[in-house]
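Numbering (the numbering used here), first residue to last: 9 to 223.
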Ligand SMILES: [Zn+2]
């Protein structure tokens, strides 16, 4: 079974990839020694889609043109060439990661801050009635380009954009079992999840003024 690289390992690999071929030859054996057989398997899978061939990396390097709507040092956002609706935007990190789970936390935070801003802009600019935000990991989840991207899709009443799934009936035991497994995993991962800042006691939380059209 393929096992994903940790964010640190993914970062190290990217640094190695930037080196001259001679330097890469020196660094790679040491790096590979630190990986589990599952991670080496994952690496082999990644190599079938090398960064050089990644269409989104080519958009970042401007080898391939795109209708860009936003760009900063880390993030790019451009129109999807096969939009679900006019105004369908893809938001990507400039660094190549295949899956969201491979990104360092601070880069995920930066990506989703951009998604928030772009969601509001798409909503306002298209006169939409709602916005869908979707992020897919793995071919089985519908990920076509193996470079992390977030779909921001303006939505209109009866626009026919599918919401993918048909709800299932699950027996109570199955709900309980999967609840236990996921909450257990989250506890294992807890040290890497930042705690939400605690609210000051006795201080009444002021609600932000709601704009007339809240996406
Ligand atoms: Zn890429």
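Ideal Cβ positions, reconstructed from N, Cα and C, are used throughout, including at glycine.
Around the beta carbon of residue 40, fewer than 16 other beta carbons sit within 10 angstroms, so the residue counts as exposed. Residues of the same chain with a CB within less than 6 Å of the CB of residue 105, apart from the 5 flanking positions on each side, are 111 and 156 in chain order. Beta-bridge partners assigned by DSSP to residue 176: none are found. Its chain contains 10, 11, 12 and 13 as the residues whose beta carbon lies nearer than 8 Å to that of residue 50, once the 5 sequence neighbours on both sides are disregarded; these appear in chain order. Inter-residue distance for residue 66 and residue 183 is about 43 Å (C-alpha atoms, whole angstroms).
In the three-state reduction of the DSSP assignment, residue 46 falls in the helix class, which pools H, G and I. Residue 34 and residue 24 have their C-alpha atoms spaced approximately 10 Å apart. DSSP, read as helix, strand or coil, puts residue 140 in strand.
For residue 76, the enclosing beta strand (DSSP E) starts and ends at 76-79.
Taken in chain order, the whole beta strand (DSSP E) runs of length 3 or more contained in the stretch 117-171 are 138-143 and 158-163.
The three-state secondary structure of residue 72, taken from DSSP, is coil. In the structure shown, residue 101 falls within a strand segment according to DSSP collapsed to helix, strand and coil. The continuous beta strand (DSSP E) containing residue 83 extends over residues 83-87. Sequence-distant Cβ neighbours of residue 179 in its own chain, meaning closer than 8 Å and more than five residues away, do not exist here. In this structure, the CA atom of residue 31 is about 19 Å from the CA atom of residue 43. Taking C-beta separations shorter than 8 Å and ignoring five residues to either side along the sequence, the partners of residue 139 in its chain run 127, 130, 131, 160, 161, 162, 163 and 223, following chain order. Residue environment: residue 152 is assigned as exposed (fewer than 16 neighbouring CB atoms within 10 Å of its CB, all protein chains considered).
Checking the 7 Å criterion, the Cβ of residue 157 is out of range of every heavy atom belonging to ligand 1.
The alpha-carbon separation between residue 92 and residue 169 amounts to approximately 6 Å.
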